[in-house]
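**Student:**
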Amino acid sequence: MEPLTWTGSLGGVLDPLLMTASVLFAAALVVAAVLGLVAPAPQVRVNADGTLSAGAGPRGWAGLAVRATGGLLLLTLLAYLLGGLLMPYGEAGIVGAVLRRFLPVWIALVVTFGLSLAYKRRLGLYGKLFDSPIGMVGLGLVLFWIYTALAVGVFGLIATHDPLAAVSGLKNKPPGVPVPGAESMVAGAHYLLGGDALARDVFSRMVHGSWIVVQIAPLATLFAFLVGITLGLPAGYRGGRFDTVLSFLANLILAFPVILLFYLLVTPEIVQTGIPSFMAIGLFLFPILFMAVLLWSRFRTQPSKAALLLALTLVPLVWLYLSLVSQTGTPVNFLGGLDLFDIPSGVLVVFVSVVFVNAPTVFRIVRGLAMDIRTRDYVAAAQTRGESSWYVMLWEILPNARGPLIVDFCLRIGYTTILLGTLGFFGLGLPPDSPDWGSTINTGRQLLSVFPHTALVPAVALLSLVLGLNLLADGLREESLRD
Amino acid sequence: MLTFFARRLLAMVVTALCLTFVVFWLTNLAPNLEKIAKTEAGARITDAEVESWLDKNGFGGPILLRYGEWLGVLPGWTQVEEDGTVRGRCLTEGVDPAAPPRFCGILQGDWGHSRVFRTEVIEVIGRGLALTGKLMFWVMVVMVPGALLLGVLAGMREGSRTDRVLSTAAIATTATPEYVSGVVFIAVFTSSAVGLKWFNGSATSAMEDATFVNFTLPVLTIALYGMGYIARMTRASMAEVMTSQYIRTARLKGVSFPQVVIRHALRNALIAPFTVIMLQVPWLLTGVVIVETLFNYKGFGWTLVEAAGNNDIELLLGVSVVSVIVVLVTQLISDVGYAVLNPRIRLS
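These protein sequences, in sequence, are chains A and B. Heads up, the first sequence is in UniProt numbering, so the first residue is 1 and it goes up one at a time. Heads up, the second sequence is in UniProt numbering, so the first residue is 1 and it goes up one at a time.
(1) On the three-state DSSP scale, how would you describe S449(A)?
(2) When we look at the beta-carbon of W198(B) and count the other beta-carbons within 10 Å, is it buried (16 or more) or exposed?
(3) Scan the segment 345-397 of chain A and note each continuous alpha helix (DSSP H) run of 4 residues or more that stays entirely inside, going in chain order.
(4) Name the one or two DSSP bridge partners that Q79(B) has.
(5) Using the DSSP secondary-structure output, state which residues sit across from V46(A) in a beta bridge.
(6) Taking 8 Å as the CB-CB limit, is R157(B) close to chain A?
(7) Can you tell which of L103(A), G169(A), P178(A) has its C-alpha closest to the C-alpha of A197(A)?
(8) Give a yes or no on whether the minimum CB-CB distance between N296(B) and chain A is below 8 Å.
(9) Quick one: which residues of the segment 465-477 of chain A get their C-beta closer than 7 Å to a C-beta of chain B? List them in chain order.
(10) Select from the segment 441-453 of chain A all residues with a C-beta closer than 9 Å to any C-beta belonging to chain B, and list them in chain order.
(11) What residues from chain A crowd round P282(B), counting only those whose CB sits closer than 9 Å?
(12) Measure from the C-beta of I418(A) to each C-beta in chain B and report whether the shortest distance is under 8 Å.
(13) Taking 8 Å as the CB-CB cut-off, is E269(A) touching chain B?
(14) Are the segment 183-198 of chain A and the segment 208-222 of chain A touching, with three or more C-beta to C-beta distances below 8 Å?
(15) Taking all protein chains shown into account, decide if W6(A) is buried (16 or more other Cβ within 10 angstroms of its Cβ) or exposed.
(16) In chain B, what lies closer than 8 Å to T221(A) by C-beta?
(17) Give the list of continuous beta strand (DSSP E) stretches no shorter than 3 residues that lie fully inside the segment 160-200 of chain A.
(18) Indicate whether G301(B) and Y225(B) have their beta-carbon atoms separated by less than 8 Å.
(19) For the segment 133-147 of chain A, which residues have a beta carbon sitting closer than 8 Å to at least one beta carbon of chain B?
(20) Residues of chain A with CB closer than 7 Å to the CB of N32(B), please, in chain order.
(21) Ignore the nearest five residues each way along the sequence and tell me which others in V379(A)'s own chain have a CB closer than 7 Å to its CB.
(22) Under 7 Å, CB to CB, which of the residues in the segment 24-48 of chain A have a partner in chain B?
(23) Could you compute how far the alpha carbon of L254(A) sits from the alpha carbon of I406(A)?
(24) Step through the CB atoms of chain B and report whether any lies within less than 8 Å of the CB of G421(A).
(25) Pick from L448(A), F299(A), L123(A), S345(A): whose alpha carbon is nearest that of E387(A)?
(26) So with CB distances below 9 Å, who are the chain A contacts of D35(B)?
(27) Using the Cβ count rule (16 or more neighbours within 10 Å means buried), how would you classify P303(A)?
(28) Which residues in the same chain have their Cβ closer than 7 Å to the Cβ of V293(A), if we skip the five residues on either side of it in sequence?
(29) Pick helix, strand or coil for E120(B), following the three-state DSSP scheme.
(30) Could you tell me whether the Cβ of A6(B) comes closer than 8 Å to any Cβ of chain A?
(31) Measuring only between beta-carbons, confirm whether R59(A) sits less than 8 Å from chain B.
(32) Tell me the DSSP bridge mates of H113(B)?
(33) Tell me which residue opens and which closes the alpha helix (DSSP H) that residue 355(B) is part of.
(34) Chain A beta carbons: is any one of them nearer than 8 Å to that of I186(B)?
(35) Using only the alpha-carbon positions, how far apart do R251(B) and G55(A) sit?
(36) To be precise: take each residue of the segment 320-336 of chain B, compare its Cβ to all Cβ atoms of chain A, and keep it if any distance is under 8 Å. Which residues remain?
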């Protein structure tokens, strides 16, 4: 069977068009950026009837050029997508086949964006995101990877091959190579993005890697936030010796070079001693504490309701917690048959160290916000009402600090993704054949200058996810500052 | 000012002690020591033999005691062998066995012996630091002016098209970790697959003789990731200064816009980026480790990876001490520098 070309029969028309459109768009961006600096502001004329009118001026024209070339670029990309979806397998080349594999993701994206745009005025901050183009691009990229991860991890779609299975003869083969023995032109007949050093499918490994990242990064960030909030609020609100001690500890962790900490914590010898398990016991206690205090401080005047709510939330949480910390094969193993699940020790130690590194920064942010907000009038009003200090912290200060915290949450997921990649890049924690992006970059970099595709594919995937999270955070910041 | 400085210095020393103790504890955990005993005395020795080997070589005592010995505030261990010779921490080759020094820790300049490189730790670290210093010098030369220019241009007219284009570019660079940009650079500029063979994919030859061809990519890779962050901070600071009253006064007096930016705004806008650049150093350290591994440049970061990967305790401790001190000193410079540069803090 023939190997696939990059764009197949689409390429004849669309490739030159794409080249022209992207060159023009880049040129328009540069011109607009330079004109914004040097060109004079448009002159305003007063008309005879008393109205004002302003010409577009060079800046206006440059803006128009950016929009026009950007539109052309977008249309070209859309044409690739439609070509890939409508033409039979193989006709639209590798690009078409890859785009077609993502069909469930495109459907989910179109539905999400359609619904959100239709109801954006009723959706609060999320709806406002659709007013900023940068925020929309960011959200699109993030949702793309989330949907991809769900489609791969939960429904088993998208990937064409087993991420761990090797097909002999496909070692380091370039993108579009046919799988030996495949007869008909159906999905799976080619290694769409080539084979890696162990003859595994690069494309399938990349999409499987997204599932690992999407599982670990947001959850680790969430844990770091819960630790940071639970400790940062009292430190900022009460101050005093508690604050001094915690701030010193936070600075201590922050002064530790991250890479050194990883090298010290994420080694098989340390896992043997059980230190990560003990750290997990400590760190994972915070969500339970947080929920308990949150509910009790609100409903403590209605003991029966409080008891019911606490029981409903805490029993499952505690059970989850106990199954999480009790691992067969580590020094902490006590639950026996009641243990719901086991996390591989490599994943647990990665998770714990990422939470440990992120928590002090969140602590500092929350502490600063709490110190600022505690001087507001509504806090004084709550204190005068006789509310407990935990109520003031969790139900008055925390909701009013949500803007900066949401923005930082998005940024921090991106940073956590980078950290996970760093760990994978140094081969720490996760098993070496794991398809996560950092490990694949690490294995691919050995022969980088001869077979760049094996490392380039996960690198671009990681870049697009982190870029999406950063753009999303920027859009959120812009829109939350606007009101 | 002086009490401020003294207090910062004291906090720094305490932090350094705590951090080095944590590193000492983590590197001296039982499984690590067992691994050393097995590499030194043979892989097939029994647990009892491991114990006795550790006792004989000064790894037996309580952790605080050994930390004190290593630091050089407690006298080093000595042991009399069965045949009457005396061995001890301070009794290395070339030391008079009759009158050994009582203390020999890092405070006395005795950093120990590297098991991987088979030389003194201080020598290995010195060599690595010199090479990394060269790398960092060029990174700073590229990164700082680039980031400041980008930030000032973007923050000059907040919300303009220039601002939006430059800010998005800055976001894009902060979203590109070194191992991604490095891989992309190597794939595009050095590989035979793309065909642009402009630069070298390895910087090993740059250790002796750095040229444009072999040093551009590592420098660019580190500089790019740090640049976006500094540029965003500069932009925020510049945008804040540009909305202040005295800038408006200068504009209303009729001073031209470029004059206002250069004469009035720039000096105040550059105070905040100074601290950011200093605080960026610990982050750059991670980048240095990644880039030196990726480009095979045998500097400080590469030494760290070798030490950690081969369980070379003494070297790893030395590397940790140096990196902790670098981080703390830059924090100190950043604090003190901010106080010196900012007249509002200096005068109060």
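Virtual Cβ for every residue (Gly too), placed ideally from N, Cα, C.
**Tutor:** In short, the structure shows the following:
(1) Position 449 of the first sequence, counting from 1, holds the residue named residue 449(A). If DSSP states are grouped into helix, strand and coil, S449(A) belongs with coil.
(2) Numbered from its first residue, the second sequence carries residue 198(B) at position 198. Exposed: under 16 other Cβ atoms inside 10 Å.
(3) Taking only runs of at least 4 residues, the alpha helix (DSSP H) segments lying wholly in the segment 345-397 of chain A are 345-373, 377-385.
(4) Within the second sequence, residue 79(B) is the residue found at index 79, counting from 1. Beta-bridge pairing links Q79(B) to R87(B).
(5) What you label residue 46(A) is simply residue 46 of the first sequence in a count that begins at 1. V46(A) is bridged to L52(A).
(6) Here the question's residue 157(B) lines up with position 157 in the second sequence. By this cut-off, R157(B) is an interface position.
(7) Your numbering for residue 197(A) matches position 197 in the first sequence. For the residues L103(A), G169(A), P178(A), the minimum Cα distance to A197(A) belongs to G169(A).
(8) Numbered from its first residue, the second sequence carries residue 296(B) at position 296. With respect to chain A, the C-beta atom of N296(B) has no partner C-beta closer than 8 Å.
(9) Per Cβ criterion, the list reads V466, L467, N470, L471, D474.
(10) Flagged, chain order: I441, N442, G444, R445, L448, S449, V450, F451, P452, H453.
(11) Indexing the second sequence from 1 puts residue 282(B) at position 282. Residues of chain A passing the Cβ test: L254, A255, F256, P257, V258.
(12) In the first sequence, the residue the question calls residue 418(A) occupies position 418. By this cut-off, I418(A) is an interface position.
(13) Sequence index remark: in the first sequence, residue 269(A) carries index 269 (1-based). So, interface residue.
(14) Judged by Cβ distances under 8 Å, the segment 183-198 of chain A makes no contact with the segment 208-222 of chain A, as fewer than three pairs qualify.
(15) Within the first sequence, the letter at position 6 stands for residue 6(A). If you draw a 10 Å sphere on the C-beta of W6(A), you find fewer than 16 other C-beta atoms in it, and that means exposed.
(16) Taking the first sequence and counting its residues from 1, one reaches residue 221(A) at position 221. What T221(A) touches in chain B: nothing, since even the nearest Cβ is about 16 Å away.
(17) As far as the segment 160-200 of chain A is concerned, it has no whole beta strand (DSSP E) run of at least 3 residues.
(18) Within the second sequence, numbered from 1, the residue matching residue 301(B) stands at position 301. Within the second sequence, numbered from 1, the residue matching residue 225(B) stands at position 225. Their beta carbons are not under 8 Å apart, which means G301(B) does not touch Y225(B) by this criterion.
(19) Against chain B - using a Cβ distance shorter than 8 Å - the residues of the segment 133-147 of chain A are I134.
(20) Position 32 of the second sequence, counted from the first residue, corresponds to residue 32(B). Going along chain A in sequence order, the residues near N32(B) (Cβ under 7 Å) are E269.
(21) Position 379 of the first sequence, counted from the start, is the residue given in the question as residue 379(A). I373, V392, E396, I397, listed in sequence order.
(22) Here the close residues are L29, A32, A33, G36, L37.
(23) The sequence position of residue 254(A) within the first sequence is 254, counting from 1. The sequence position of residue 406(A) within the first sequence is 406, counting from 1. Taken atom to atom, the span from the alpha-carbon of L254(A) to that of I406(A) is near 22 Å.
(24) The residue labelled residue 421(A) in the question sits at position 421 within the first sequence. Residue contact check for G421(A) against chain B: a CB pair falls below 8 Å.
(25) Here residue 387(A) refers to the residue found at position 387 when the first sequence is read from its first residue. Across the set L448(A), F299(A), L123(A), S345(A), the C-alpha of F299(A) shows the shortest separation from the C-alpha of E387(A).
(26) On the second sequence, position 35 is the one that residue 35(B) refers to. A quick correction: the sequence has Lys, not Asp, at residue 35(B). Residues of chain A passing the Cβ test: E269.
(27) Taking the first residue of the first sequence as position 1, residue 303(A) is located at position 303. Around the Cβ of P303(A), a 10 Å sphere holds fewer than 16 other Cβ atoms; the residue is exposed.
(28) As a first step, residue 293(A) is located in the first sequence; it is residue number 293 there, counting from the start. So the list reads W390, L394, once near-sequence residues are dropped.
(29) Counting from one through the second sequence, the residue named residue 120(B) turns up at place 120. Three-state DSSP puts E120(B) in a strand.
(30) As a position in the second sequence, residue 6(B) is number 6, starting the count at 1. Residue contact check for A6(B) against chain A: no CB pair falls below 8 Å.
(31) Taking the first sequence and counting its residues from 1, the one referred to as residue 59(A) is at position 59. So yes, R59(A) belongs to the interface.
(32) On the second sequence, position 113 is the one that residue 113(B) refers to. H113(B) pairs with E120(B).
(33) The question about residue 355(B) has no answer here: the residues shown for chain B are numbered 1 through 348.
(34) The residue you call residue 186(B) lines up with position 186 of the second sequence. Answer yes: the Cβ-Cβ gap between I186(B) and chain A drops below 8 Å somewhere.
(35) Along the second sequence, one-based indexing puts residue 251(B) at 251. Along the first sequence, one-based indexing puts residue 55(A) at 55. Their Cα atoms are separated by approximately 24 Å.
(36) Cβ proximity to chain A below 8 Å picks out S320, S323, V324, V327, L328, Q331 from the segment 320-336 of chain B.
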